[in-house]
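Here's the structure, in structure tokens; my notes come after.
Numbering (the working numbering), first residue to last: 549 to 971.
Laid out in structure tokens, this is it:
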């Protein structure tokens with residue numbers, strides 16, 4: 549065996565080092581710390597040999613990055629237990645606020661005189677300009693460190709991907725708003741939980757998400773819960789809603805869950821590919837830039853629909869007749885826009901610091917909170933079928949989260965010794 553410059557390696561201990569490094573690079577695609585050798589071997593290793601063994605060539609570095617980065621969120625964030633990542637905790641809190649409040653506010657809009665589905669869709673993305681303040685603060689902070697820092701961190705390809713996701717988000721918002729107009733919050737929330745199953749399927753196809761028995765069990769339980777709700781369709785139909793409207797709301801909510809289950813892995817894949825192409829880490833500032841682009845495109849999508857449907861002209865009259873009065877009407881719209889932005893920003897943070905599948909699981913576990921609030925505020929019926937479906941949803945979440953804790957414990961117990969790499 550020879551070095552890259554053609555000179556032969558020393559024999560003895562150096563051959564052992566070469567074999568160890570080759571196995572380590574082939575199996576893990578990274579350079580691990582050099583092993584400790586017995587005193588009888590170490591004198592034959594020169595300082596020059598040690599340096600040559602530790603340095604990667606540019607080709608090796610590029611090959612390693614191409615193989616490692618696109619594999620998912622784990623390549624972008626440090627391997628840290630989920631519950632010990634403070635930024636992930638903040639993302640979770642934003643998701644709690646948005647997921648618990650947004651369906652209640654949207655349903656309140658429909659129950660007290662609102663009837664504009666395109667407007668409801670627009671509210672889900674119209675709060676994106678709120679992110680301009682933290683993005684500007686981040687820019688000025690970077691500017692103090694370097695005068696040549698760019699205004700935007702997004703690459704053209706990532707911008708194009710965000711535009712595509714924004715259009716899909718606009719359509720997803722319309723489907724969800726249509727479903728909320730005809731379904732109780734409890735039914736809509738349980739149906740939305742099926743996005744975890746769709747997220748798992750698309751994550752497997754797009755980002756090669758690794759499945760465990762626990763995650764498969766979670767998907768099966770959620771799917772069974774959705775099927776049970778489908779068999780009971782119409783049993784909780786709100787007053788004034790026809791069977792055809794209820795069925796349409798059921799179908800559109802399920803369609804919104806499927807589309808959102810596709811959007812999450814697409815965001816994860818676009819972030820991973822950006823990191824692989826540019827060699828730069830994906831920062832939370834970049835995540836907020838993506839969210840602004842996605843929000844603007846989704847808002848534009850809904851605004852065009854409102855123009856065609858003449859919703860802008862109808863808003864003043866709808867505000868006058870709203871059950872909570874004109875001021876309550878506009879406060880409700882503004883509050884909806886804010887909490888939806890919290891939800892989507894938290895979801896993107898969960899994708900960035902965890903994975904698309906983790907974001908789906910967090911949304912699923914928040915279902916009981918929405919269920920309880922819907923029963924308290926809207927006096928919605930909660931029959932045995934819903935109870936079983938809700939139990940299956942919680943069971944699915946517990947299964948997934950236990951699997952994550954189990955996998956983290958196994959990974960922390962593994963030692964990177966050469967003997968194991970050879971098997």
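Glycine included, each C-beta is placed from N, C-alpha and C at the ideal position.
Values in this document were obtained by computation on a predicted structure and should not be read as measured data.
Of all alpha-carbon atoms in 928, 910, 944, the one lying nearest the alpha-carbon of residue 764 is that of 944. DSSP places residue 750 within a helical segment (H, G or I) once states are collapsed to three.
Residue 869 counts as exposed, since fewer than 16 other C-beta atoms from the protein chains shown sit within 10 angstroms of its C-beta. When rounded, the separation of the alpha-carbon atoms in residue 652 and residue 930 is 16 Å.
Counting only runs of at least 4 residues, the segment 701–746 fully encloses the following alpha helix (DSSP H) elements, listed from N- to C-terminal order: 704–730, 733–740.
For residue 756, there is no enclosing alpha helix (DSSP H), as DSSP gives it neither H nor E.
Short of 6 Å from the beta carbon of residue 697, and not among the five residues preceding or following it, lie these beta carbons of its own chain, in chain order: 690, 691. Not a single unbroken stretch of the beta strand (DSSP E) spanning 3 or more residues falls wholly within the segment 915–950. Cα atoms of residue 646 and residue 712: separation of roughly 23 Å, rounded to the nearest angstrom.
In this structure, the straight-line span from the alpha carbon of residue 786 to that of residue 919 is close to 16 Å.
Here residue 911 has 643, 647, 740, 741, 743, 744, 895 as same chain residues with Cβ atoms under 8 Å from its own Cβ, once five neighbours each way along the sequence are excluded. Across the structure, residue 751 and residue 681 are spaced so that their CA atoms are roughly 32 Å apart. Taking 8 Å as the cut-off, the Cβ atoms of residue 657 and residue 880 count as close. Residue 837 is not a Cβ neighbour of residue 755, given a cutoff of 8 Å.
Pairing residue 793 with residue 762, the inter-Cα distance amounts to about 37 Å. Residue environment for residue 727: buried (at least 16 other C-beta atoms within 10 angstroms of its C-beta). When the alpha-carbon of residue 718 is set against those of 796, 804, 867, the nearest one is in 804.
For residue 867, the closest C-alpha among the options 641, 662, 908 is that of 662. Taking the C-beta atoms as reference points, residue 829 is found nearer than 8 Å to residue 823. DSSP, reduced to helix, strand and coil, places residue 698 outside both helices and strands of the structure shown, so it counts as coil. When C-alpha distances from residue 813 are compared across 900, 832, 729, 883, the shortest belongs to 900. The C-beta distance from residue 859 to residue 664 rounds to 5 Å, short enough to meet the 8 Å contact threshold. In this model, residue 833 and residue 760 are separated by some 32 Å (Cα to Cα). When rounded, the separation of the alpha-carbon atoms in residue 839 and residue 957 is 33 Å. Contact annotation, residue 801 with residue 731: C-beta distance approximately 6 Å; criterion of less than 8 Å satisfied.
Burial state of residue 889 is buried, judged by a 10 Å Cβ sphere holding 16 or more other Cβ atoms. Collapsing the DSSP output to three states places residue 859 in a helix. The residues 746, 750, in chain order, have a CB closer than 7 Å to that of residue 810 in the same chain once the five nearest residues on each side in sequence are set aside. Here the alpha carbons of residue 913 and residue 707 stand approximately 31 Å from one another.
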